[in-house]
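This report refers to the structure that appears directly beneath it.
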Amino acid sequence: MAAPTSNEPLSDPTVRDRARFFRQALSRRLPGLGESGVGYVFLLPTFLLFTLFLGFPILYTFYLSFFRFEGVSDETLLWIDLPGFEFQLTRIAELEFVGLQNYTAMFTDTLFLQASFNTLFILLVQVPLMVGLALLFAVALNASFVKFRGVFRTVLALPVSANLVAYSTVFLLLMQESGLVNYLLTSVGLPAIPWLSSSFWSRMTIVGAVTWRWTGYNMIILLAGLQNIPQQLYEAAEIDGASRIEKFRYVTVPQLRPVLLFVFVTSTIGTFKLFSEPVIINSGGAPLDSTITIVQYIYQTAFIDFRLGYASALTYVLIFVVSLLSAAQLRIGGSADA
Amino acid sequence: MREETRREAVWQFLTYAFVLLGAVVTMVPLYWIAVASTLKESEFLSSTSPRLLPGDSFLANFESLQARQNVQFVGHPGEMTQYIDLGPFYFAYDFWHLWDMGAMESSIFVAVVYTALSLLLCSMAGFAFAKYEFRFKKPIFYAILATLILPIQLLVIPLFLLMSQLGLTNNYWAIILPWAANPLGIFLMRQNMRSIPDALLESARMDGATEFQLYYKIALPTMKSSLAALAIILFLFQWNLFLFPLVILDQGKYTIPVAINQLVGAQRVYYDQIMVAAALSVIPVFLLFLFLQKQFVSGILAGAVKE
Chain C
1 MAAPTSNEPL SDPTVRDRAR FFRQALSRRL PGLGESGVGY VFLLPTFLLF
51 TLFLGFPILY TFYLSFFRFE GVSDETLLWI DLPGFEFQLT RIAELEFVGL
101 QNYTAMFTDT LFLQASFNTL FILLVQVPLM VGLALLFAVA LNASFVKFRG
151 VFRTVLALPV SANLVAYSTV FLLLMQESGL VNYLLTSVGL PAIPWLSSSF
201 WSRMTIVGAV TWRWTGYNMI ILLAGLQNIP QQLYEAAEID GASRIEKFRY
251 VTVPQLRPVL LFVFVTSTIG TFKLFSEPVI INSGGAPLDS TITIVQYIYQ
301 TAFIDFRLGY ASALTYVLIF VVSLLSAAQL RIGGSADA
Chain B
1 MREETRREAV WQFLTYAFVL LGAVVTMVPL YWIAVASTLK ESEFLSSTSP
51 RLLPGDSFLA NFESLQARQN VQFVGHPGEM TQYIDLGPFY FAYDFWHLWD
101 MGAMESSIFV AVVYTALSLL LCSMAGFAFA KYEFRFKKPI FYAILATLIL
151 PIQLLVIPLF LLMSQLGLTN NYWAIILPWA ANPLGIFLMR QNMRSIPDAL
201 LESARMDGAT EFQLYYKIAL PTMKSSLAAL AIILFLFQWN LFLFPLVILD
251 QGKYTIPVAI NQLVGAQRVY YDQIMVAAAL SVIPVFLLFL FLQKQFVSGI
301 LAGAVKE
């Protein structure tokens, strides 16, 4: 508030009261919408950021997907030069309209089809594996007899603190033909596995790396859900003579469904966005096409080949597929017991 | 009854074994990073007899990492180019150059600013959705929820063009602002803030609190653990952002993921440097995790992910 100097007009109580009254009155009916205006005021910054950085890109990607990028241009479209404010809008991209060509080209693009296959393969193996493991760990760590639960929880969740690029590199080293993992395998008498050089196993390496990293994170989310299941349900099940597995099947899983669903959807989206792991693990010698993911392919088309239009079309197809899949998951997960 | 207790014991043993195995498998790569960062490259790359005990080359590795031309991993005192010379007094004019930030500082700086900004925006939006009535509230909320499904980092191309239009290329705001209003954060805050009793807000209003005071004097303090949980999620998200920083940042402004990626050179990969960088990059998140670990579990309440 006001500094404690003697001639400060604000230190006069009546002035201060009046100022406060006006401030309150103002905050109540700020944009002339009465009480309800406050909600909009709280939402305003979010709304601005969403339109600028989400709304615009979504629409512009759609627009771009019907064009072919011809090159960079610095033609000025709009130039506002006011004292204290300058804004210049340049054309940036030279575009040529090609209609639906970008979308039809996809179906004959073998690399794109390969990338889709790889992504789906990783998705189908990785997401169930990881969510299953996370669920088992969460249930185990929720059992009251386990000591040092806090320690285990922290240890299991630690991999999320490892840097993406760094841990991919570490997996690249661990999975070498003569790396630590193969050393352990051969020392117990198992055959060494070509983790990085065969198409199948290099995909599995990516699955393993991603699972290693995100299982603990998802476990914590599931654990939070588990702790909110009412204890009476278990007691009731016990009175009915339910076994451990029955309790898991008929109490834990249904009660946890919303959380499980959340984990499934976010993991699916995460897998679709897979980018740095395949980029780095692929440098281990597997055939290039065997691990390339959709996002990696989009990056390559956009920022190495500079086919921005085609990359935009690919992005749109990906967004469409992800949305469809998430909606389907929500639908299945939400309505199974209704 | 004895049969029962024996089965119980077996069950407990199995649970312990499972959790322990998981913990060990989880720790192996992390431990290996820590050990490898203290070994010479030739020592940890040779596989005939993997070294499992730390060596003493950590500082040497760190120095070779710092000597890299294309990557500045940890910053160093900068050169103060601008001075104001007032007789006996010298003033450094360009305070930003007191310290030249490396990737480590950049990442921490960006992640902290992003987390703070995003917490503010998400809690404000969550508060609006939880405690106010206004027109189009439901449609707006569901529109925001729908963007959860959108893989936002995929909008790299238009974002890049937009940023160059706004003059934000090679600027940290470019990797902070686009995801500052985080739909997941808004959702979590809204779910949790619904538990704030209306009577509490109403009585504060009677006492003459402004609506904004309701938000920062009542809503925020009661949401501490949720905010902590959200802080971890947001921090990790920004910490791991790779694709867009790779596209938009130039050398000298790299964040950790981009910097480490830069170490994977075309001719020769210096694994010892990568290992040191990897080991160092774990530390800040590890500390954050240690401090906020308790709140992380309690903060993601049941209400958070229900519905």
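Top to bottom, those sequences are chains C and B. The first sequence begins at 1 in my numbering and counts up one residue at a time. The second sequence begins at 1 in my numbering and counts up one residue at a time. Here a beta-carbon is modelled for each residue, glycine too, at the ideal position from N, C-alpha and C.
**Report entry** Ser161/C at chain E interface by Cβ criterion, 8 Å
**Finding:** The question asks about chain E, but that chain is absent: this structure's protein chains are C and B.
Query raised in the report: Start and end of the beta strand (DSSP E) containing Val151/C?
Result: Numbered from 1 along the first sequence, position 151 holds the residue referred to as residue 151/C. Looking at the DSSP string, Val151/C is not in any beta strand (DSSP E); the run it does join, the alpha helix (DSSP H), is Arg149 to Ala157.
Requested in this report: Could you run through the stretch 295 to 325 of chain C and flag, in chain order, every residue whose CB is less than 8 Å away from some CB of chain B?
Outcome: So the list reads Val295, Ile298, Tyr299, Ala302, Phe303, Leu308, Ala311, Ser312, Thr315, Leu318, Ile319, Val322 and Ser323, given in the order they occur along the chain.
Query raised in the report: Shortest alpha-carbon distance to Phe262/C belongs to which of Val127/C, Leu113/C, Leu120/C and Arg91/C?
Result: Position 262 of the first sequence, counted from the start, is the residue given in the question as residue 262/C. Measuring from the Cα of Phe262/C, the nearest candidate turns out to be Val127/C.
Query raised in the report: Candidates Leu141/C, Leu222/C and Ser116/C: which alpha carbon is nearest Phe264/C's?
Result: By one-based count along the first sequence, residue 264/C stands at place 264. Ranking Leu141/C, Leu222/C and Ser116/C by Cα distance to Phe264/C puts Leu222/C first.
Query raised in the report: Are any of the Cβ atoms in chain B nearer than 8 Å to that of Ile58/C?
Result: To locate residue 58/C, count along the first sequence from 1; it is residue 58. So yes, Ile58/C belongs to the interface.
**Report entry** Enclosing beta strand (DSSP E) for Phe137/C [first to last residue]
**Finding:** Within the first sequence, the letter at position 137 stands for residue 137/C. Here Phe137/C belongs to no beta strand (DSSP E); instead the alpha helix (DSSP H) covers Thr110 to Asn142.
Query - Within chain C, partners of Asn261/B - CB distance below 7 Å - result: Position 261 of the second sequence, counting from 1, holds the residue named residue 261/B. The answer, in chain order, is Val165.
Query raised in the report: Between the stretch 25 to 55 of chain B and chain C, which residues of the former have CB atoms less than 7 Å from a CB of the latter, in chain order?
Result: Shown in chain order are the members of the stretch 25 to 55 of chain B whose Cβ falls below 7 Å from a Cβ of chain C: Thr26, Met27, Pro29, Leu30, Trp32, Ile33, Ser47 and Pro50.
Query raised in the report: How about Asn142/C and Gln227/C: do their beta carbons lie closer than 8 Å?
Result: As a working note, residue 142/C is residue 142 in the first sequence. As a working note, residue 227/C is residue 227 in the first sequence. It is a contact, given that the beta carbons lie within the stated cut-off.
Query raised in the report: Asn240/B versus chain C: which residues are under 8 Å apart at the beta carbon?
Result: If you number the second sequence from 1, residue 240/B lands on position 240. Correct list: Asn163 and Leu164.
Query raised in the report: From the DSSP output, which residues share a beta bridge with Phe97/C?
Result: Here the question's residue 97/C lines up with position 97 in the first sequence. Within the DSSP bridge table, the entry for Phe97/C names Phe67/C as partners.
Requested in this report: Kindly say whether Ala115/C, judged by its beta-carbon, lies nearer than 8 Å to any beta-carbon of chain B.
Outcome: Here residue 115/C corresponds to residue number 115 of the first sequence, with the count starting at 1. Judged by the 8 Å Cβ criterion, Ala115/C is not in contact with chain B.
Query - Lys40/B, enclosing alpha helix (DSSP H) - first and last residue - result: To locate residue 40/B, count along the second sequence from 1; it is residue 40. In the DSSP assignment, Lys40/B falls outside any alpha helix (DSSP H), carrying neither H nor E.
Report task. Using 10 angstroms around the beta-carbon of Ser118/B, count the other beta-carbons present and answer buried if the total reaches 16, otherwise exposed. Result -> Taking the first residue of the second sequence as position 1, residue 118/B is located at position 118. It counts as buried.
Requested in this report: Let me know the secondary structure DSSP gives Val188/C once reduced to three states.
Outcome: In the first sequence, the residue the question calls residue 188/C occupies position 188. In the structure shown, Val188/C sits in coil (DSSP, three-state: anything other than H, G, I, E or B).
Query - Contacts that Ser164/B makes with chain C (C-beta to C-beta distance below 8 Å) - result: Position 164 of the second sequence, counted from the first residue, corresponds to residue 164/B. Going along chain C in sequence order, the residues near Ser164/B (Cβ under 8 Å) are Ile92.
Query raised in the report: What first and last residue would you give for the alpha helix (DSSP H) that runs through Leu233/C?
Result: Start at 1 with the first residue of the first sequence, and residue 233/C comes out as number 233. Secondary structure note for Leu233/C: its alpha helix (DSSP H) is the uninterrupted segment Gln231 to Ile239.
Query raised in the report: Does the beta-carbon distance from Pro178/B to Leu148/B come in below 8 Å?
Result: Here residue 178/B refers to the residue found at position 178 of the second sequence. Here residue 148/B refers to the residue found at position 148 of the second sequence. Contact flag unset, no.
**Report entry** Span separating the alpha-carbon of Leu308/B from that of Tyr234/C
**Finding:** Residue 308/B lies beyond the residue range present for chain B, which begins at 1 and ends at 307; the question has no answer from this structure.
Query raised in the report: From Leu263/B to Val25/B, what distance separates their C-alpha atoms?
Result: Within the second sequence, residue 263/B is the residue found at index 263, counting from 1. Within the second sequence, residue 25/B is the residue found at index 25, counting from 1. The C-alpha of Val25/B is placed about 27 Å away from the C-alpha of Leu263/B.
Query raised in the report: With a CB to CB cut of under 8 Å and the five nearest residues on each side skipped, what residues in its chain are close to Phe275/C?
Result: Here residue 275/C refers to the residue found at position 275 of the first sequence. Excluding residues within five positions, the ones whose Cβ falls inside 8 Å are Thr293, Val295, Gln296 and Tyr299.
Query raised in the report: Taking Cβ positions only, does Gly39/C come closer than 8 Å to chain B?
Result: Looking up residue 39/C in the first sequence gives position 39. Chain B contact via Cβ: present.
**Report entry** Beta-carbon neighbours of Val170/C, restricted to chain B and to distances below 7 Å
**Finding:** Translated into positions along the first sequence, residue 170/C becomes position 170. Here the neighbours are Pro29, Trp32, Ile33 and Ala278.
Query raised in the report: Counting Cβ pairs, one atom from each stretch, are 3 or more of them under 8 Å apart for the stretch 128 to 142 of chain C and the stretch 207 to 219 of chain C?
Result: The stretch 128 to 142 of chain C makes contact with the stretch 207 to 219 of chain C; the number of CB pairs closer than 8 Å reaches 3 or more.
Query - Local Cβ density within 10 Å of Thr119/C, reported as buried at 16 or more and exposed below that - result: Counted from its first residue, the first sequence places residue 119/C at position 119. When all chains shown are included, Thr119/C counts as buried.
Query - Interface positions of the stretch 132 to 148 of chain B facing chain C (Cβ-Cβ less than 9 Å), listed along the chain - result: For the stretch 132 to 148 of chain B, residues whose beta-carbon sits nearer than 9 Å to a beta-carbon of chain C comprise Tyr132, Glu133, Phe134, Arg135, Lys137, Ile140, Ala143, Ile144, Ala146, Thr147 and Leu148.
**Report entry** Burial state of Arg249/C (16 or more Cβ within 10 Å)
**Finding:** The count along the first sequence starts at 1 and reaches residue 249/C at position 249. With fewer than 16 other Cβ atoms within 10 Å, it is exposed.
Report task. Determine, using beta carbons only, whether Leu271/C and Gln329/C come nearer to each other than 8 Å. Result -> For the purposes of this step, residue 271/C is identified with residue 271 of the first sequence, where counting begins at 1. For the purposes of this step, residue 329/C is identified with residue 329 of the first sequence, where counting begins at 1. Looking at the sequence provided, one finds Thr at residue 271/C rather than Leu. No, they are not a contact pair.
Report task. Determine which residues of the stretch 230 to 245 of chain C have a Cβ less than 9 Å from any Cβ of chain B, and write them out in chain order. Result -> Correct list: Arg244.
Query raised in the report: What is the DSSP secondary structure of Thr90/C, reduced to helix, strand or coil?
Result: Here residue 90/C is taken as the residue at index 90 of the first sequence, counted from 1. It is a strand residue.
Query raised in the report: Closest by CA to Gly126/B, which one among Ala277/B, Pro29/B, Ile196/B and Tyr16/B?
Result: Position 126 of the second sequence, counted from the first residue, corresponds to residue 126/B. The shortest C-alpha separation from Gly126/B is found at Ile196/B.
**Report entry** Within-8 Å CB hit, Tyr270/B to chain C
**Finding:** Working through the second sequence from its first residue, we reach residue 270/B at position 270. Judged by the 8 Å Cβ criterion, Tyr270/B is not in contact with chain C.
Query raised in the report: CA-CA distance, Glu43/B and Tyr167/C?
Result: Along the second sequence, one-based indexing puts residue 43/B at 43. Along the first sequence, one-based indexing puts residue 167/C at 167. Whole-angstrom Cα-Cα distance: 19 Å.
Query raised in the report: With burial defined as no fewer than 16 other Cβ atoms inside 10 Å of the residue's Cβ, what is the status of Ser243/C: buried or exposed?
Result: One-based indexing of the first sequence puts residue 243/C at position 243. Exposed, since its Cβ has fewer than 16 Cβ neighbours within 10 Å.
**Report entry** Interface residues of chain C facing Gly75/B [CB-CB closer than 7 Å]
**Finding:** By 1-based counting over the second sequence, the position of residue 75/B is 75. Under a criterion of Cβ atoms nearer than 7 Å, no residue of chain C is adjacent to Gly75/B; the nearest Cβ is some 18 Å distant.
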